[in-house]
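To start, the structure itself, in structure tokens.
Below you can see the structure in the form of structure tokens.
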């Protein structure tokens, strides 16, 4: 004989071994809701091991109770505090002027200084170590461009 008997009129599942009555439709809808809500432990509630199912049911029930306790405390905290806040602005009579830094707004692109250094290195190598006392940047730039 089957381990489970199913009555189609009442949609009740009877487990012959444990003699536990379960509403099959409500149970499946609850699992579907928990899986759609991305509840990670929901898949363990259908495990083959009864100890695993019991442990995960207990964990879920405990954390649902903790969630309701936290919701209660947050509602009480909100209800105990003022709902509106009055802000009074007070402007000082004198304001200390901040230190101003003047920044150079000229942009230096990395390509240009790197190219100048490359030409300086090549020029000093070709002149056999004789370093020129002064580098004319305009002349180097015309060579590069």
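Residue numbers (our numbering): 712 to 856.
All residues carry an ideal CB built from backbone N, CA and C; glycine is no exception.
Please read these numbers as outputs of a predicted model, since none were measured by experiment.
Alpha carbon to alpha carbon, how far is residue 756 from residue 763? Give it in angstroms, no decimals.
Distance between the alpha carbons of residue 763 and residue 756 is about 8 angstroms.
Can you tell me the Cα-Cα spacing of residue 740 and residue 801, whole angstroms?
In a straight line, the C-alpha of residue 740 is about 59 angstroms away from that of residue 801.
Answer yes or no: do residue 767 and residue 758 have a C-beta to C-beta separation smaller than 9 angstroms?
Yes; because the gap between Cβ atoms is below 9 angstroms, this pair is in contact.
Helix, strand or coil for residue 797, going by three-state DSSP, please let me know.
DSSP places residue 797 in coil when its eight states are reduced to three.
Taking only the alpha-carbon atoms, compute the straight-line gap between residue 782 and residue 760 and give it to the nearest angstrom.
So the two alpha carbons sit approximately 33 angstroms from each other.
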